[in-house]
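Note that the protein sequences, when read in sequence, are chains A and B. Per full-length UniProt numbering, residue 1 is the first one in the first sequence, and the count goes up by one each step. Per full-length UniProt numbering, residue 1 is the first one in the second sequence, and the count goes up by one each step. Quick reminder that beta carbons are idealized off the backbone N, C-alpha and C, glycines included.
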Amino acid sequence: MGDIEKLEVRDPARVERIGAHSHIRGLGLDDVLEARAVSQGMVGQKDARRAAGIVVQMVREGKIAGRCILLSGEPSTGKTAIAVAMAQALGSETPFTSMSGSEIFSLEMSKTEALAQALRKSIGVRIKEETEIIEGEVVEIQIDRPATGTGQKVGKVTLKTTEMETNYDLGNKIIECFMKEKIQAGDIITIDKASGKVSKLGRSFTRSRDYDATGAQTRFVQCPEGELQKRKEVVHTVTLHEIDVINSRTHGFLALFSGDTGEINQEVRDQINGKISEWREEGKAEINPGVLFIDEAHMLDIECFSFLNRALEQDMSPVVIMATNRGITKIRGTIYQSPHGIPIDLLDRMIIIRTVPYAEEEIKEILKIRCEEEDCQMHPDALAILTKIATTTSLRYAIQLITTSNLVSRRRKAPEVTTSDVKKVYELFLDEQRSSRILKEFQKEYLFNEINEAIPSPMDTN
Amino acid sequence: MSDKQVYEIIYENEKVADQILQNKALIIDYDRKRQGNREALRELRKSTEKNVWMTIGSMLIEMERQKAIDVITDEQTKIDKEIDKLRDEQLVLVKKHKDLEMDKMPSGFDLKPLSKNEINALKSNLKL
Chain A
1 MGDIEKLEVR DPARVERIGA HSHIRGLGLD DVLEARAVSQ GMVGQKDARR AAGIVVQMVR
61 EGKIAGRCIL LSGEPSTGKT AIAVAMAQAL GSETPFTSMS GSEIFSLEMS KTEALAQALR
121 KSIGVRIKEE TEIIEGEVVE IQIDRPATGT GQKVGKVTLK TTEMETNYDL GNKIIECFMK
181 EKIQAGDIIT IDKASGKVSK LGRSFTRSRD YDATGAQTRF VQCPEGELQK RKEVVHTVTL
241 HEIDVINSRT HGFLALFSGD TGEINQEVRD QINGKISEWR EEGKAEINPG VLFIDEAHML
301 DIECFSFLNR ALEQDMSPVV IMATNRGITK IRGTIYQSPH GIPIDLLDRM IIIRTVPYAE
361 EEIKEILKIR CEEEDCQMHP DALAILTKIA TTTSLRYAIQ LITTSNLVSR RRKAPEVTTS
421 DVKKVYELFL DEQRSSRILK EFQKEYLFNE INEAIPSPMD TN
Chain B
1 MSDKQVYEII YENEKVADQI LQNKALIIDY DRKRQGNREA LRELRKSTEK NVWMTIGSML
61 IEMERQKAID VITDEQTKID KEIDKLRDEQ LVLVKKHKDL EMDKMPSGFD LKPLSKNEIN
121 ALKSNLKL
């Protein structure tokens, strides 16, 4: 009996999905916005990355709201990668909505509604919340229950920080909060002055040795510094779409009949716009225009493009970045051809960033980075062969071969992938060219085949 | 940048930083007084004596209970105003300090705060 391989039980919540672009951490530019050769997961494509860096800088300064940018280039030239890198470079502060062109077409709502929602999801509103809180460590807490059955509880709590100490008389309601949170001496608590809410931040470090065993959830926090009664200010960023949704929810029994169609009334949107402008004038809110990234933009049709033309000229509008790999194709919804499948009047408003196919050296670097990301040890000869394959077939195919050859090498219990593994996987899995060659030869044997002399050429992606 | 300019920037920087730290200590002192006053008010309101003893500065004074409560309440409102003023000043000073260091303040802190109703309306519907 051979070894029975141990069953690996992986917690699905903890497994991170390794996607096609998960190795990208940023644009990899230096302080003067020059692209480094290999940095933050990006390789080569220096001009496009530099242009993307300039765009990111302008978005941060809020200078190009309402503009449109097009990333165009051959397939596998890093268009989506640059968009992912821009999202990382902008950070979590700026709203970044990423979608594919075909997502517009849905049964639930019309195309223009889907676009309008996507545009509103990319505009953030910054607001500030201010509260007075009392934050301190509980020195002692004393609650007296009345001798008779009925009657209010009374209590006293002593709170301290590193600088001062004071005590508070507690009323009935707040005593109940204290008892619900099970607060005892040594806990660090926060009391919201306006709402009377009590929350426990943790336990003081000085009390960490009180007990030999504490619960798994116990957090140890430092004793708060400064004054007891502090002013807490929090800045939130809400997107316009979220505010739209709150205000358009039909409440009550009417919702049973009309249902939640997902479409938001234009009147609601106008009201929201008015209210936000009011807040801006009062100095209570700031608009934070973000980025809407539409991949496969050639899937949008002429109505969407006309809508976008108008929407980009609105008062509050995000930056729209589109990506496409089509050459001169028909605009969807018409019979006319146009570069990239986008009408010329929209193209005129766009800044176009070109991506070029990678050189062999760059392909090798990219494959190296992907190997690291997918946790695969590769022999340099195997890497060289893979690079050759990538130049003759396509980059994506070579990336697919990384994981597959990794598995094959693990099967033979080898520490790293060798050329024989790569060769084996190359034979097992076909790329697009070989597959279409075989198809042409044996098309008569395939089901439902059209026997034509002139075979329609594959999609024109020049 | 010449030496003189660098020296000036550093000098300005230290001055602003010192002011910020001074204000911080001042706020703490005010809060200490405020908490003390609050405890005093509580005791005065609970007691039923007609005359009470109170320290003003270094003098011990006997006065009517109601008058003592009024004096302390007045002082409380003054202290609250002072602390708010100092906190607003802190915001301005920190912004100035960041400017001198060629750094940016985290955005949004110079906005006016939303009212309680508005914040509650947003919080009850969104995950803020």
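Annotated three-state conformation of residue 352 (chain A) is strand, per DSSP. Of all alpha-carbon atoms in A:85, A:269, A:337, A:199, the one lying nearest the alpha-carbon of residue 327 (chain A) is that of A:337.
Note on residue 73 (chain A): 16 or more other CB atoms within 10 angstroms of its CB, so buried under the neighbour-count rule. Its Cα nearest to that of residue 68 (chain A), the residue A:291 stands out among A:413, A:405, A:291. Within the DSSP secondary-structure output, residue 108 (chain B) pairs in no beta bridge. DSSP lists A:188 as the bridge partner or partners of residue 202 (chain A). Between residue 344 (chain A) and residue 302 (chain A), the gap from beta carbon to beta carbon reaches 8 Å or more. Residue pairing from DSSP places residue 132 (chain A) in a beta bridge opposite A:231. Taking 3 residues as the shortest admissible run, the stretch 295-345 of chain A contains the following complete beta strand (DSSP E) segments, listed from N- to C-terminal end: 319-324, 328-330, 337-339. One Cα belongs to residue 69 (chain B), the other to residue 46 (chain B), and the distance between them is close to 11 Å. In the structure shown, residue 217 (chain A) falls within a coil segment according to DSSP collapsed to helix, strand and coil. Contact between the stretch 131-145 of chain A and the stretch 190-205 of chain A is present: three or more C-beta pairs spanning the two stretches fall below 8 Å. Residue 59 (chain B) has B:56 as its beta-bridge partners, per DSSP.
Selection A:137, A:293, A:158, A:182 evaluated against residue 100 (chain A) yields A:293 as nearest (Cα-Cα). Nearest to residue 232 (chain A) by C-alpha distance, out of B:88, B:125, B:62, B:95, is B:88.
DSSP, read as helix, strand or coil, puts residue 103 (chain B) in coil.
Among the residues of the stretch 282-295 of chain A, those with a Cβ less than 9 Å away from any Cβ of chain B are 282, 283, 284, 285, 286, 288, in the order of the chain. Taking residue 139 (chain A) as the centre and dropping the five residues before and after it, the same chain places the C-beta of 158, 159, 160, 165, 185 closer than 8 Å to its C-beta, in chain order.
Looking at the backbone, the Cα of residue 78 (chain B) and that of residue 34 (chain B) are separated by about 10 Å. Two segments are said to touch when three or more pairs of C-beta atoms, one from each, lie closer than 8 Å; by this definition the stretch 300-315 of chain A touches the stretch 104-121 of chain A. Using a CB distance below 9 Å, the part of the stretch 103-136 of chain A facing chain B consists of 126, 127, 128, 129, 130, 131, ordered along the chain. For residue 375 (chain A), the closest alpha carbon among the candidates A:410, A:385, A:35, A:237 is that of A:410.
Not a single C-beta of chain B is nearer than 8 Å to the C-beta of residue 94 (chain A). Think of a sphere of 8 Å around the beta carbon of residue 229 (chain A): the chain B residues whose beta carbon falls inside it are 31, 34, 35, in chain order.
For residue 107 (chain B), at least one C-beta of chain A is nearer than 8 Å to its own C-beta.
Distance from the CA atom of residue 442 (chain A) to the CA atom of residue 435 (chain A), rounded to whole angstroms, is 11 Å. Between residue 404 (chain A) and residue 431 (chain A), the C-beta gap is not smaller than 8 Å, which leaves the two residues out of contact. Within the stretch 57-89 of chain A, the runs of beta strand (DSSP E) that reach at least 3 residues and sit entirely inside it are, in chain order, 68-73. Of the candidates A:121, A:128, A:172, A:162, the residue whose Cα lies closest to the Cα of residue 146 (chain A) is A:172.
Assignment of residue 101 (chain A) by DSSP, reduced to helix, strand and coil, places it in the helix class. By the CB criterion at 8 Å, residue 60 (chain A) and residue 235 (chain A) fall outside the cutoff. According to DSSP, residue 144 (chain A) shares a beta bridge with A:154.
Straight-line measurement puts the Cα of residue 48 (chain A) at about 48 Å from the Cα of residue 222 (chain A). Taking the Cα of residue 315 (chain A) as reference, the smallest distance to any Cα among A:285, A:268, A:123 is reached at A:123. Below the 7 Å Cβ cutoff, chain A contributes 129 as neighbours of residue 119 (chain B), in chain order. The beta strand (DSSP E) runs lying completely inside the stretch 28-57 of chain B and spanning 3 residues or more are 51-56, given in chain order.
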